[in-house]
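**Q** One structure, as C-alpha cells, below. Some questions next.
There are 2 protein chains.
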Amino acid sequence: MIIDVHGHYTTAPKALEAWRNRQIAAVGNAAQMPAASALRIGDDELRESIEANQLRLMRERGLDVVVFSPRASFMAHHVGDFAVSSAWASICNALCYRVSRLFPDRFVPAAMLPQSPGVDTASCIPELVRCVEHYGNVAVNLNPDPSGGHWTSPPLSDRYWYPIYEKLVEYDVPAMIHVSTSCNACFHTTGAHYLNADTTAFMQCLTADLFGDFPTLRFVIPHGGGAVPYHWGRFRAQEMKKPLLEEHLLRNIYFDTCVYHQPGIDLLARVIPVGNILFASEMIGAVRGIDPQTGHHYDDTRRYIEAAHVDPEDRRKIYEANARRVYPRLDALLKAQKR
Amino acid sequence: MIIDVHGHYTTAPKALEAWRNRQIAAVGNAAQMPAASALRIGDDELRESIEANQLRLMRERGLDVVVFSPRASFMAHHVGDFAVSSAWASICNALCYRVSRLFPDRFVPAAMLPQSPGVDTASCIPELVRCVEHYGNVAVNLNPDPSGGHWTSPPLSDRYWYPIYEKLVEYDVPAMIHVSTSCNACFHTTGAHYLNADTTAFMQCLTADLFGDFPTLRFVIPHGGGAVPYHWGRFRAQEMKKPLLEEHLLRNIYFDTCVYHQPGIDLLARVIPVGNILFASEMIGAVRGIDPQTGHHYDDTRRYIEAAHVDPEDRRKIYEANARRVYPRLDALLKAQKR
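These protein sequences, in sequence, are chains A and U.
Numbering-wise (this note's numbering), the first sequence opens with residue 1 and increments by one.
Numbering-wise (this note's numbering), the second sequence opens with residue 340 and increments by one.
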C-alpha cells in the first residue's frame, strides 16, 4: 500500500474561495460577515473536484490513500481575528471530512487549526477535538507562523504552544508543521516561506528540549525538511550540548518526500534514517507541471522513490509502515477497513 | 590554486568586541559613543589572531587564498542607526584590510556595508568606494535583511537596492548575499536565518527581472545556496513565465560550497552547473568541531570536493577559475602577484 501523508484540498469548488473572499471583505464589519450556511456545495461537486484531479492522479500513480487537509496557502491565519479563523477552519475541515466520507478508502482527513496571531493556542482545542472525535482526523497541520511571514509568534518550543501539544499527545495525533501564505513581500510563499519554515521549525526543536516535555509528540516536517537534510552536517555540528540528533529529535521528527527531483530524494534517502521518511507528494499543490528533463510531473514523487537506492523493505517503510506508526489513527482506520 | 571565497574575521582580538559593546551601550546617547580611535589593535595582535587560526588551517588544508570579510554575525545592522553602522563597518573593514596587508598572498578583503534598516542604500556608497578604491576589496557582503530576522526591507529585486547595484556593476564587484545575527527568537542565526536568507534571496531573484536591469551584476549565495539545490526541481517548476533558470539566473548567481557533509556537496555538484560553484569553507565560522562520522572538521570542505564525482578540470573551476571569473579584481590582484 502507498500512503501519501501530504495532500491538500487545492481543487475545492470555486464557491469556497468566493465565500472566503466575502469573509475577508467583511473583516472588521460584523454585519457583512457571511454565515457558514451561506456556502452550499453539493456532494456531486465535491466528487467531481476530486475524481478529475487527485483521484485521477492517485490511480495513474498507484497511490492508495492520501492524508487530506485543507489547502495550506488558503489557511491564511493572519486574516482577521480568531472568530474569522474559526469560521474558516470549521468550513474547510468539514469539506475535507465530507471528501473522506465520499471516498472512504482513498482520503483520510487531517485538520487545519483556527490559529490567529497572538491568540492563546487553547482556543484551537474545540476544533481539534471536533476534527479528531467526530470527523476522524488522523493529524493536524500546525502553522508555526500564523502571522504569514512576519514570524511574530514564539518558537515551537515555547509554552505558548503547549495546549495544542497536550491534546495531540492525548489523542496520539501527529502535527505536520506547515505555514500558509506569506504576506511578507520578501518571502515567496511556496518558493521560500514554506522551505524556510521547515528549516526554522527543525532548528527550534534542536535548540530546545520540547520532546523531553512531550516524549510522544510527533512532528512531520514537510517539503523534505526544507534545507535540513542538505545541511545535515551543519545540524549535526550544531547539536551543541544536546544529545545526538538521532536521540534528540529523530524519535519525534519525520520528513516527507515532497522533493521534486531525483537528486533531492537520493540525498534524503542517503542522509535521513529510513524510519523517519514518509512518502508524500503534495499533489495537486504548489509544484505543478511536467519536468522537461524527465517528461513526468515534478510532483510524481513515487518515481523518485522507485529510482532511489532504497531496498524493497525500506521502500515499504517509506510508503506505508512509517505512516502507520506515526499516524496511529490512520493505522486503526485502515485496519478497520481490513487493510 | 585553491581560493576560498567565504572567510570571515571571526578571530579578531577581543578589543574589537569590547569596542562594539561600548558602542551598542551608547546607542541613543551620543555623549557616550566611543571614538573609532579608542580602538587600538596592533599589527602583532592581528598577525597572531590569524596565524594561530585561519592561516594554520589554510596550511593544513592546502588553501591558498581567502576572500576575507568582517564577521557576518557581528555586522548586526539592526543595531542603532546609520551612524552606528557606519562607524562599525569602517572599523571592521579597516581591520580586514590590515590583515590583507599583513598577509598579502593569503587574504584578500571583502567589505561589509554600513546598512541600516529603512535607510537609503545610497548611504552605503562612500564606504563601498573606500573599500574598493583604497582597500582593494574584491567583493562586498550585502545583507538582504538588515533588520536581523524581521525582514522589513524590500526584496533584493526592489529599486531600494539599485544604488548599491549600480556601484557594484561599475566596479565589476560581486556581492555575497549574507545576513547577520537574527534578533527574532524564531530564527537561530546560523541554523535557520542564514539558510533561510539564502533560499529567500534566490527566490526573490527568480520572481523578478533584476538581471535584466543589471546583466553583469553577480550574486554569490553562500551556504551552498540554502535549500535551493536540494529543491532544484521545485525551483525549476517555479520558473513560471521566466526563461529557464540557466538563462534567467545562472549567468548572475553562484553558490559556494559551505555545505558540511559529503552527501550535500555531492548533491550540489550533481545539480548545479559546475561554472556556478565556488569553493568556500567559511572557516573559522559557525560550524566548528570535528565530525565524529569522519574524524575531520565539518568545515574542511576541500575533503568533500576531493571525494565528489567531479573531474579534475571541473575541480579546478570550483577551486580557482570560477572565482577568478566572478571576482575580476581578485583575478587582477593574483595576476599582479604573478599567480
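A virtual CB, placed ideally from N, CA and C, is assigned to each residue, including glycine.
Treat the numbers as computed from the prediction; the structure is a model and nothing was measured.
When we look at the beta-carbon of Val-129 (chain A) and count the other beta-carbons within 10 Å, is it buried (16 or more) or exposed?
**A** Looking at its Cβ environment, which holds fewer than 16 other Cβ atoms inside 10 Å, Val-129 (chain A) is exposed.
**Q** Determine the burial state of Gln-371 (chain U): buried for a count of at least 16 other Cβ atoms within 10 Å of its Cβ, exposed for fewer.
**A** Burial call: exposed.
**Q** Please list the residues of the region 435-467 of chain U that have a C-beta atom closer than 7 angstroms to any C-beta atom in chain A, keeping them in chain order.
**A** Of all residues in the region 435-467 of chain U, none has a Cβ within less than 7 angstroms of some Cβ in chain A.
**Q** For Ala-237 (chain A) and Trp-571 (chain U), what's the separation of their Cα atoms in angstroms?
**A** Taking the straight line joining both Cα atoms gives about 25 angstroms.
**Q** Which residue wins for smallest C-alpha separation from Ala-364 (chain U), given the options U:Arg-386, U:Val-423 and U:Phe-407?
**A** Ranking the options by Cα distance to Ala-364 (chain U), first place goes to U:Val-423.
**Q** Can you tell me whether Gly-62 (chain A) is buried or exposed, with buried defined as 16 or more other CB within 10 angstroms of its CB?
**A** Exposed: under 16 other Cβ atoms inside 10 Å.
**Q** Under 8 angstroms between C-beta atoms, does Thr-216 (chain A) make it to chain U?
**A** Answer no: the Cβ-Cβ gap between Thr-216 (chain A) and chain U never drops below 8 angstroms.
**Q** List, in order along the chain, the chain A residues whose C-beta lies closer than 7 angstroms to that of Thr-539 (chain U)?
**A** Chain A residues near Thr-539 (chain U): Cys-186, Phe-187, Ala-192 and Asn-196.
**Q** Using DSSP's beta-bridge definition, name the partner residues of Leu-481 (chain U).
**A** Bridge partners of Leu-481 (chain U): U:Ile-516.
**Q** Specify, as a first and last residue, the run of the beta strand (DSSP E) that Ile-560 (chain U) falls within.
**A** Start and end: 558-560.
**Q** Can you tell me whether Lys-656 (chain U) is buried or exposed, with buried defined as 16 or more other CB within 10 angstroms of its CB?
**A** By the 10 Å Cβ count, Lys-656 (chain U) comes out buried.
**Q** Can you round the beta-carbon distance between Ala-15 (chain A) and Leu-39 (chain A) to whole angstroms, since I take them to be within the 8 angstroms contact cut?
**A** The pair is a contact, with the Cβ atoms about 6 angstroms apart (cut-off 8 angstroms).
**Q** Give the straight-line distance between the Cα atoms of Asn-141 (chain A) and Ser-519 (chain U), rounded to the nearest whole angstrom.
**A** The alpha-carbon atoms of Asn-141 (chain A) and Ser-519 (chain U) are separated by roughly 31 angstroms.
**Q** Between Asp-343 (chain U) and chain A, is any beta-carbon pair separated by less than 8 angstroms?
**A** Output row for Asp-343 (chain U): interface = no.
**Q** Within 10 Å of its beta-carbon, does Phe-315 (chain A) have 16 or more other beta-carbons around it, so buried, or fewer, so exposed?
**A** A quick correction: the sequence has Arg, not Phe, at residue 315 (chain A). Classification of Arg-315 (chain A): buried, given that the 10 Å Cβ count is 16 or more.
**Q** Nearest by alpha-carbon distance to Arg-386 (chain U): which of U:Arg-437, U:Ala-619 and U:Leu-495 is it?
**A** If we check each option's Cα against that of Arg-386 (chain U), U:Arg-437 comes out closest.
**Q** Find out if the Cβ-Cβ distance for the pair Ile-253 (chain A), Cys-186 (chain A) is shorter than 8 angstroms.
**A** Taking 8 angstroms as the Cβ cut-off, Ile-253 (chain A) and Cys-186 (chain A) do not qualify as a contacting pair.
**Q** Under a CB-based cut-off of 8 angstroms, is Arg-627 (chain U) close to chain A?
**A** With 8 angstroms as the cut-off, Arg-627 (chain U) counts as an interface residue toward chain A.
**Q** Could you please give the first and the last residue of the uninterrupted beta strand (DSSP E) stretch that includes Ser-69 (chain A)?
**A** Residues 65-70.
**Q** I want to verify the contact list: residues of chain U whose CB lies under 8 angstroms from the CB of Phe-255 (chain A), in sequence order.
**A** Simply none; closest approach about 11 angstroms.
**Q** Give me, in chain order, the residues of the same chain whose beta-carbon lies closer than 7 angstroms to that of Pro-485 (chain U); leave out the 5 immediate sequence neighbours on both sides.
**A** Closer than 7 angstroms at the Cβ level, and outside the excluded window around Pro-485 (chain U), lie His-416, His-417, Gln-454, Ser-455, Pro-456 and Ser-492.
**Q** What span of residues does the alpha helix (DSSP H) with Val-271 (chain A) cover, start to end?
**A** Run containing Val-271 (chain A): 262-271, per the alpha helix (DSSP H) assignment.
**Q** Which runs of the alpha helix (DSSP H) spanning at least 4 residues fall entirely within the region 54-108 of chain A, listed in chain order?
**A** Listed in chain order, the complete alpha helix (DSSP H) runs (minimum 4 residues) inside the region 54-108 of chain A are 54-61, 72-75 and 82-102.
**Q** Given that Trp-232 (chain A) touches chain U, what residues does it touch there, using C-beta distances under 8 angstroms?
**A** Under the 8 angstroms cutoff, chain U gives His-600, Pro-602 and Gly-603.
**Q** Answer yes if the region 165-181 of chain A comes into contact with the region 469-478 of chain U, meaning at least three C-beta pairs across the two stretches below 8 angstroms, and no otherwise.
**A** Judged by Cβ distances under 8 angstroms, the region 469-478 of chain U makes no contact with the region 165-181 of chain A, as fewer than three pairs qualify.
**Q** Between the Cα of Gly-563 (chain U) and the Cα atoms of U:Pro-554, U:Phe-541 and U:Phe-594, which residue gives the shortest distance?
**A** The shortest C-alpha separation from Gly-563 (chain U) is found at U:Phe-594.
**Q** Which of helix, strand or coil does DSSP assign to Tyr-474 (chain U)?
**A** Coil.
**Q** If distances are taken between C-alpha atoms only, which option among U:Val-471, U:Ala-625, U:Ala-647 and U:Leu-441 comes closest to Phe-413 (chain U)?
**A** The shortest C-alpha separation from Phe-413 (chain U) is found at U:Ala-625.
**Q** List the endpoints of the continuous beta strand (DSSP E) containing Val-5 (chain A).
**A** Where Val-5 (chain A) is concerned, the enclosing beta strand (DSSP E) stretches over 3-9.
**Q** Please work out which residues of its chain come closer than 8 angstroms, Cβ to Cβ, to Asn-276 (chain A), disregarding the five sequence neighbours upstream and downstream, and give them in chain order.
**A** So the list reads Leu-250, Ile-253, Tyr-254, Phe-255 and Asn-322, once near-sequence residues are dropped.
**Q** Arg-270 (chain A) versus chain U: which residues are under 8 angstroms apart at the beta carbon?
**A** Going along chain U in sequence order, the residues near Arg-270 (chain A) (Cβ under 8 angstroms) are Pro-602.
**Q** Tell me the rounded alpha-carbon separation between Pro-494 (chain U) and Gly-80 (chain A).
**A** Whole-angstrom Cα-Cα distance: 26 angstroms.
**Q** Closer than 8 angstroms, CB to CB, is Asp-630 (chain U) near chain A or not?
**A** Yes, contact with chain A.
**Q** Could you spell out the range, first to last residue, of the beta strand (DSSP E) harbouring Ile-592 (chain U)?
**A** Here the beta strand (DSSP E) through Ile-592 (chain U) covers 592-595.
**Q** Check whether the region 389-401 of chain U and the region 596-609 of chain U are in contact - that is, three or more C-beta pairs closer than 8 angstroms.
**A** The region 389-401 of chain U is not in contact with the region 596-609 of chain U.
**Q** Could you list which residues in chain A have their beta carbon closer than 7 angstroms to that of Tyr-637 (chain U), in chain order?
**A** Correct list: Gly-233 and Ala-237.
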